[in-house]
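Counting from 1, one number per residue, gives the positions in the sequence shown under full-length UniProt numbering.
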Amino acid sequence: MGRQWPSSMVNAQRALGALVALMALGTVMTVLLEDSLIRAWAERSPAAREILEEGGIDGLRASSISLPAFVPVVVVMFVVLLCLLGVLRVFFREGYQWARLALAGVAVLIGLGSGLIAFREDPPAVFVVLCVLALLVDVVFLVLLFHRDTNDFVRGAWLVHHDEAAPSDTAA
1 MGRQWPSSMV NAQRALGALV ALMALGTVMT VLLEDSLIRA WAERSPAARE
51 ILEEGGIDGL RASSISLPAF VPVVVVMFVV LLCLLGVLRV FFREGYQWAR
101 LALAGVAVLI GLGSGLIAFR EDPPAVFVVL CVLALLVDVV FLVLLFHRDT
151 NDFVRGAWLV HHDEAAPSDT AA
């Protein structure tokens, strides 16, 4: 029977699941609200704003201006992050320190991305709410990753993995 996870490990995995769910919701919202995102982008670009005012979204699509490809980028980014977080979660559950540090690094990048989108880019309100929620869950996740009980679990896992080799070293 394996070692039991402390509550901080269980809650960290729940927070990771919530973060993935928010990313999935953001991906779906990007697909559904692509026109709103393009409109928000066009309002910040002088040339695109002029075309938007004259011909709307259809005018922008017909123009020579290259529109941002939000949907393919977001879908690919979600799939890649989902796979990466899934693999890291497996190793984190086993108590590997490097997986915890990698998860922390990815969480920091997700937090930075969420912050930049929410507070710098002026997206539609639904994306601001999603990004703020992602930031909050991200902070909770990072706190749980480095909670004292999580530290003890990871340290204990290291000892379990390295004590197996120790008796053969002393037998020689």
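Ideal Cβ placement from N, Cα and C applies to all residues, glycine included.
Cβ-Cβ distance between residue i and residue j below 7 Å
| i | j | result |
| --- | --- | --- |
| V108 | A118 | no |
| A104 | L135 | no |
| P123 | A21 | no |
| F92 | M23 | no |
Coil, strand or helix - residue i by DSSP
| i | result |
| --- | --- |
| I65 | coil |
| W98 | helix |
| S7 | helix |
| D122 | coil |
| F146 | coil |
| L25 | helix |
| S45 | coil |
Cβ shell of residue i (< 6 Å), same chain only, five flanking positions each side left out
| i | result |
| --- | --- |
| S63 | I51 |
| D149 | P6 and S8 |
Backbone CA spacing between residue i and residue j [nearest angstrom]
| i | j | result |
| --- | --- | --- |
| D35 | Q4 | 48 Å |
| G156 | A99 | 15 Å |
| A172 | H147 | Note that A172 has pLDDT 47, beneath the 50 cutoff, so the model's placement of it is unreliable and the number below is only indicative. Straight-line Cα distance between these residues: approximately 39 Å. |
| I57 | G17 | 36 Å |
| L81 | L88 | 10 Å |
| S7 | V129 | 28 Å |
Neighbourhood of residue i by C-beta, 7 Å cutoff - its chain only, sequence neighbours within 5 removed
| i | result |
| --- | --- |
| T30 | L37, F70, V71 and V74 |
| V140 | A15 |
| A12 | F141, L144, L145 and T150 |
8 Å CB neighbourhood of residue i in its chain, flanking five on each side removed
| i | result |
| --- | --- |
| V10 | none |
In chain order, each alpha helix (DSSP H) run of at least 4 residues that lies wholly inside the region 70 to 97: 70 to 93
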